[in-house]
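One structure is given below, encoded as structure tokens.
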Amino acid sequence: MAAPSRYWPYSGGTVLEQRPASETRPDGTPSRALLHATSRRRFLAGIGGAAFAAGFLAACGDERDTAPAATTAEPGTTIDTTTSTTAEASSPTTGFTFTDGRGVTVTLDRKPERIVAYAAPAAALWHLGVTPVGIFAGSPLSESANLADIDVTGIDTVGSVYGEIDLEKLVALEPDLVVTACSPRQGDLLWGFADLQVQEQVESVAPIVAINGIEDPTEVISQFEALATAMGADIEGPEYAAASQRFDTAVADLEDATAAKPGLTAVAVTSYDRQLYFAKPAAFPALRQMGTWGLTVVEPAGGDDFWETVSLEEANKYLADLILYDTQPVLDLEDLSNIGTWQSLPAVQSGQIVPWDKLENWSYAAYAADIEAITQGVKAADPDLVA
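Numbering-wise, the sequence shown is residues 57 to 443 according to this note's numbering.
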């Protein structure tokens with residue numbers, strides 16, 4: 057199998073080779089088609105630590121106006137599609153202005169109502185009360201990892217293979233705005249598009265807003281809040297307040313749990329092509345931010361900017377008290393049960409493995425769930441398994 061070659065959307069590095077469309081994410085790693093096949097209970101069954109698993113389970117449990125014409129702009133410039141220079145057209149109650157993660161400002165003479173979005177931004181907007189009319193993803197919407205916790209009923213698919221857009225469907229939806237994400241280190245190419253030609257074709261249909269996806273998740277969430285507010289969404293409702301409070305509580309609990317076990321270490325791992333990939337925490341926004349809340353994740357010494365890749369026989373290269381194992385690996389924990397080096401790991405022998413979701417967690421609800429899962433692992437773990 058070829059060496060890793062596709063660009064990672066977070067920061068412009070290289071990642072795992074592209075898999076068939078129904079199984080891929082933007083970074084080329086397996087999609088939630090595999091995550092669905094590996095349920096939480098199956099994950100826990102693979103841990104082998106019955107008491108640890110039981111404790112974890114208990115804890116986690118119309119008519120419209122014509123769409124504005126689209127124009128293109130270089131980063132740092134302005135896309136202005138207003139058709140009126142009156143105060144009403146540019147007022148906060150009727151117009152729309154937003155500067156995205158590229159520094160591009162999009163201005164419309166009315167608030168966008170028909171939104172088409174890439175999967176991860178679509179989920180973020182959905183949690184803020186904005187339901188897209190269309191979504192493009194790296195898999196069918198029902199299998200998209202990023203869309204697993206939202207209702208996609210009635211939302212049209214404008215792409216189900218990463219990078220490919222059905223332009224006829226896109227045009228038919230008459231979007232006011234397309235929303236995706238970007239990484240400054242990836243250059244001009246935005247997430248969800250195979251190349252700049254596809255991106256330009258989309259931008260000829262509707263202007264594009266791209267949120268910087270490699271900031272800390274809380275900053276990304278803040279940017280989506282600003283975008284949704286500019287669209288006219290009300291994010292002050294009780295449900296959203298409850299999600300925000302849940303997140304605050306989750307962070308406080310993680311800080312307390314890590315403070316109680318200052319020597320505890322963790323390692324984040326995924327698998328592909330009978331190899332293990334040790335994640336470099338600085339390259340993964342959630343891991344990086346959880347580090348500021350006290351979670352110590354082992355930093356691999358080799359590899360590229362994102363991963364150090366080793367054979368299964370080298371599974372014991374980096375020891376830690378707690379293993380954060382990818383929720384969407386090619387090799388699940390059952391597959392690793394006959395790998396001697398894996399089984400020899402102190403964390404494996406003690407059942408100290410928790411699910412790690414490396415997806416974009418751009419809502420308070422999703423991020424809180426990720427933090428809660430890891431916090432339960434920290435609370436239940438013996439922090440002295442490895443020196």
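Think of the CB as a built atom: it goes at the ideal place given N, C-alpha and C, for glycine as much as any other residue.
- Cross-strand partners of A266 (DSSP beta bridge): Here residue 266 corresponds to residue number 210 of the sequence shown, with the count starting at 1. In DSSP, A266 forms a bridge with T236.
- Through-space distance from I379 to G248, alpha-carbon basis: For this step, residue 248 is matched to residue 192 along the sequence shown. For this step, residue 379 is matched to residue 323 along the sequence shown. Put simply, the backbone Cα of G248 is about 30 Å away from that of I379.
- Using a threshold of 9 Å, state whether the C-beta atoms of I430 and V410 are closer than that. Taking the sequence shown and counting its residues from 1, the one referred to as residue 430 is at position 374. Taking the sequence shown and counting its residues from 1, the one referred to as residue 410 is at position 354. Cβ distance < 9 Å, so I430 and V410 count as in contact.
- On the premise that T236 lies in contact with G177, defined as a C-beta separation below 8 Å, what is that separation, rounded to the nearest angstrom? Here the question's residue 177 lines up with position 121 in the sequence shown. Here the question's residue 236 lines up with position 180 in the sequence shown. Rather than Gly, the amino acid found at residue 177 in this sequence is Pro. Their Cβ separation, rounded to whole angstroms, is 6 Å, which keeps P177 and T236 in contact under 8 Å.
- Query: What first and last residue would you give for the beta strand (DSSP E) that runs through I379?
  - Reply: For the purposes of this step, residue 379 is identified with residue 323 of the sequence shown, where counting begins at 1. Counting along the chain, the beta strand (DSSP E) containing I379 begins and ends at L378 to D382.
- Item | Endpoints, the alpha helix (DSSP H) within which W349 is located | In the sequence shown, counting from the first residue as 1, residue 349 sits at position 293. Unbroken run through W349: none, as it is neither H nor E.
- Query: Which residue's Cα is closest to the Cα of G347: D272, D244, Q257 and F192?
  - Reply: By one-based count along the sequence shown, residue 347 stands at place 291. Considering only alpha carbons, the answer is D272.
- Task: Determine the DSSP secondary structure at S216, reduced to helix, strand or coil.
- Result: Locating residue 216 in the sequence shown gives position 160, counting from the first residue. Here DSSP, grouped into helix, strand and coil, assigns S216 to coil.
- Message: Using the Cβ count rule (16 or more neighbours within 10 Å means buried), how would you classify L320?
- Response: Counting from 1 along the sequence shown, the entry for residue 320 is found at position 264. Buried, because 16 or more other Cβ atoms sit within 10 Å of the Cβ of L320.
- How big is the Cα-Cα spacing for G210 and I264? Here residue 210 is taken as the residue at index 154 of the sequence shown, counted from 1. Here residue 264 is taken as the residue at index 208 of the sequence shown, counted from 1. Each residue's alpha carbon lies about 22 Å from the other.
- Whole angstroms is fine: what's the gap from Q255's alpha carbon to A316's? One-based indexing of the sequence shown puts residue 255 at position 199. One-based indexing of the sequence shown puts residue 316 at position 260. Spanning the two alpha carbons is a distance of roughly 49 Å.
- Query: What residues are listed by DSSP as bridge partners for A153?
  - Reply: Residue 153 sits at position 97 when you count from the first residue of the sequence shown. Rather than Ala, the amino acid found at residue 153 in this sequence is Thr. Among the bridge pairs identified by DSSP, T153 is matched with T163.
- From L310 to W363, what distance separates their C-alpha atoms? As a first step, residue 310 is located in the sequence shown; it is residue number 254 there, counting from the start. As a first step, residue 363 is located in the sequence shown; it is residue number 307 there, counting from the start. Those two C-alpha atoms are separated by around 25 Å.
- Item | Within 9 Å, strictly: CB atoms of D382 and A324 | To locate residue 382, count along the sequence shown from 1; it is residue 326. To locate residue 324, count along the sequence shown from 1; it is residue 268. Going by C-beta atoms, D382 is nearer than 9 Å to A324.
- Where T274 and Y374 are concerned, what is the direct C-alpha to C-alpha distance, given to the nearest angstrom? Here residue 274 corresponds to residue number 218 of the sequence shown, with the count starting at 1. Here residue 374 corresponds to residue number 318 of the sequence shown, with the count starting at 1. If I take the Cα positions, the gap works out to 29 Å.
- Straight-line Cα distance separating S239 from I270: The residue given as residue 270 occupies position 214 in the sequence shown. The residue given as residue 239 occupies position 183 in the sequence shown. If I take the Cα positions, the gap works out to 6 Å.
- Neighbourhood of A424 by C-beta, 6 Å cutoff - its chain only, sequence neighbours within 5 removed: Here residue 424 refers to the residue found at position 368 when the sequence shown is read from its first residue. R302, F303 and A306, listed in sequence order.
- Task: Return the first residue and the last residue of the beta strand (DSSP E) that Y374 is part of.
- Result: Start at 1 with the first residue of the sequence shown, and residue 374 comes out as number 318. No beta strand (DSSP E) holds Y374; DSSP gives it neither H nor E.
- Message: If contacts are defined as beta-carbon pairs under 8 Å, then L283 and F192 qualify, I think. What distance do you get, rounded to the angstrom?
- Response: The count along the sequence shown starts at 1 and reaches residue 283 at position 227. The count along the sequence shown starts at 1 and reaches residue 192 at position 136. About 18 Å separates the beta carbons of L283 and F192, which is beyond the 8 Å limit, so they are not a contact pair.
- Contacting residues, own chain, Cβ-Cβ under 6 Å from Y333 (five flanking each side not counted): Within the sequence shown, the letter at position 277 stands for residue 333. So the list reads T326, W363 and T365, once near-sequence residues are dropped.
- Task: Taking 9 Å as the cut-off, decide whether the C-beta atoms of L223 and Q253 are in contact.
- Result: What you label residue 223 is simply residue 167 of the sequence shown in a count that begins at 1. What you label residue 253 is simply residue 197 of the sequence shown in a count that begins at 1. No.
- Task: Give me whichever residues DSSP pairs with P411 in a beta bridge.
- Result: Taking the sequence shown and counting its residues from 1, the one referred to as residue 411 is at position 355. Per DSSP, Y381.
- Would you give the residue range spanned by the alpha helix (DSSP H) that F303 belongs to? To locate residue 303, count along the sequence shown from 1; it is residue 247. It spans P294 to A316 - the alpha helix (DSSP H) in which F303 sits, taken as one unbroken run.
- Item | Sheet register partners of S198 (DSSP bridge) | In the sequence shown, residue 198 corresponds to position 142, counting from 1. When DSSP reads this structure, S198 sits in no beta bridge, so it has no partner.
- Item | Extent of the continuous beta strand (DSSP E) to which G190 belongs | As a first step, residue 190 must be located in the sequence shown, where it is residue number 134. First-last of the beta strand (DSSP E) with G190: G190 to F192.
- Task: For T394, count neighbouring Cβ atoms within 10 angstroms of its own Cβ and tell me buried if that reaches 16, exposed if not.
- Result: Start at 1 with the first residue of the sequence shown, and residue 394 comes out as number 338. According to the sequence displayed, residue 394 carries Asn and not Thr. Exposed, because fewer than 16 other Cβ atoms sit within 10 Å of the Cβ of N394.
- Counting contacts by CB-CB distance shorter than 9 Å, is T348 in contact with chain C? Absence of chain C from the displayed structure is noted, only one protein chain being present.
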